[in-house]
Amino acid sequence: MALQDLQTLVDRMVRADASSVTTGDRDEAIRAAVARYSKDRPRLKVEDVAAAGGIFLALPQGWDGEVSALVELEHPIDADPPSRITPAEVAVEAIPSGQRFRLPRSITAGQQVRVRYTVPHVVDADTDTVPAADREAVAAYAGAHLLDQLAAEKSGDIDSSIGAANINRATPAQEYAARAKDLRRRYMTGLGLNPDRVAPAGAVVSLPSSDSLGRTRLLHPRRPR
Numbered sequence: 087m088a089l090q091d092l093q094t095l096v097d098r099m100v101r102a103d104a105s106s107v108t109t110g111d112r113d114e115a116i117r118a119a120v121a122r123y124s125k126d127r128p129r130l131k132v133e134d135v136a137a138a139g140g141i142f143l144a145l146p147q148g149w150d151g152e153v154s155a156l157v158e159l160e161h162p163i164d165a166d167p168p169s170r171i172t173p174a175e176v177a178v179e180a181i182p183s184g185q186r187f188r189l190p191r192s193i194t195a196g197q198q199v200r201v202r203y204t205v206p207h208v209v210d211a212d213t214d215t216v217p218a219a220d221r222e223a224v225a226a227y228a229g230a231h232l233l234d235q236l237a238a239e240k241s242g243d244i245d246s247s248i249g250a251a252n253i254n255r256a257t258p259a260q261e262y263a264a265r266a267k268d269l270r271r272r273y274m275t276g277l278g279l280n281p282d283r284v285a286p287a288g289a290v291v292s293l294p295s296s297d298s299l300g301r302t303r304l305l306h307p308r309r310p311r
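Everything in the sequence shown is counted per the working numbering, starting at 87 for the first residue and increasing by one.
In structure tokens:
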């Protein structure tokens with residue numbers, strides 16, 4: 087499902103108010119939802135990088151300096167047991183040409199280092215990296231974003247038809263805000279997250295349960311140094 091299908095899902099979630107939402111507003115809401123989803127469920131990418139020699143290693147080609155995070159390094163590749171370097175052992179340093187990794191030990195020039203890291207999800211006319219199981223949740227977050235905007239727009243409106251007998255009736259702004267809250271909760275519960283937390287506490291990336299030779303990771307602790 088590419089961007090057009092996600093747009094359709096969002097339209098359905100706010101269809102009663104479609105006339106009040108521009109396509110630009112909707113697409114901006116989708117971008118915000120994909121950005122939020124990228125923080126909660128970042129995409130895992132794996133790339134082999136050739137060492138230049140020493141304790142410094144170039145970043146992989148797909149690294150996004152603003153949002154990427156290191157999951158782990160593997161060196162040597164396919165060792166038995168696996169030899170992994172954790173993020174706590176690696177520093178991402180700013181240098182005049184950009185960024186680089188500072189490693190805890192020297193690596194011989196030309197040797198390959200396997201880098202597992204996170205990148206944002208992509209949703210455009212041709213590409214959709216959001217898993218099918220999470221698409222409705224992402225659409226729900228975009229819908230909540232739009233309803234928040236509508237609530238803000240309506241917050242200054244006064245319905246003169248509301249008399250004393252109906253003083254407890256929710257205003258349009260309150261109704262939009264309540265619906266936004268419901269959709270945001272739908273997003274959180276859809277991802278199995280705590281719906282009461284305000285912002286993502288960190289990224290969750292699922293690594294395969296087995297190593298490159300098909301054996302369970304838990305049976306192969308890191309090689310002691």
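Cβ atoms here follow ideal geometry from the backbone N, Cα and C, with glycine treated the same way.
**OP:** Please classify residue 214: is it buried, with 16 or more other beta-carbons within 10 angstroms of its beta-carbon, or exposed?
**Re:** buried
Original post:
What is the residue span of the beta strand (DSSP E) that residue 139 lies within?
Top reply: Segment: none, residue 139 is in no beta strand (DSSP E) and carries neither H nor E.
**OP:** Count the C-beta pairs between the segment 131-145 and the segment 192-199 that are closer than 8 Å, then say yes if the count reaches three, no if not.
**Re:** yes
Original post:
Which stretch, first to last residue, makes up the alpha helix (DSSP H) that contains residue 204?
Top reply: No alpha helix (DSSP H) contains residue 204, which is instead part of the beta strand (DSSP E) from 198-205.
Original post:
On the premise that residue 203 lies in contact with residue 143, defined as a C-beta separation below 8 Å, what is that separation, rounded to the nearest angstrom?
Top reply: Contact doesn't hold; Cβ gap of about 12 Å is too wide.
Original post:
Out of curiosity, what's the CA-to-CA distance linking residue 275 and residue 281?
Top reply: 6 Å
Original post:
Residue range of the beta strand (DSSP E) that residue 160 falls in?
Top reply: 156-160
Original post:
Thinking C-alpha only, which one of 237, 178, 90 is nearest residue 258?
Top reply: 237
**OP:** Would you mind sorting residue 170 into buried or exposed? The rule is 16 or more other CB atoms within 10 Å of its CB.
**Re:** buried
Original post:
Quick one: what's got a C-beta closer than 7 Å to residue 154's C-beta in the same chain, skipping five residues either side?
Top reply: 203, 204, 205
Original post:
Are the segment 114-125 and the segment 209-229 touching by the rule of at least three beta carbon pairs closer than 8 Å?
Top reply: yes
**OP:** Taking residue 160 and residue 168 to be in contact with their CB atoms under 8 Å, please state how far apart those CB atoms are, rounded to whole angstroms.
**Re:** 6 Å
Original post:
Do residue 207 and residue 120 have their CB atoms nearer than 7 Å?
Top reply: yes
**OP:** State the Cα-Cα distance for the pair residue 231 and residue 163, rounded to the nearest angstrom.
**Re:** 44 Å
Original post:
With burial defined as no fewer than 16 other Cβ atoms inside 10 Å of the residue's Cβ, what is the status of residue 141: buried or exposed?
Top reply: exposed
**OP:** Using 10 angstroms around the beta-carbon of residue 265, count the other beta-carbons present and answer buried if the total reaches 16, otherwise exposed.
**Re:** buried
Original post:
Whole-angstrom Cβ separation of residue 210 and residue 89, contact assumed at under 8 Å?
Top reply: 5 Å
Subject >> Beta-ladder partner(s) of residue 130, from DSSP >> reply: 204
Subject >> Beta-carbon proximity of residue 273 to residue 233, cut-off 7 Å >> reply: no
**OP:** Check the C-beta distance from residue 145 over to residue 186 and give it rounded, since I have them as a contact under 8 Å.
**Re:** 6 Å
Subject >> Under 7 Å between C-beta atoms of residue 188 and residue 177 >> reply: yes
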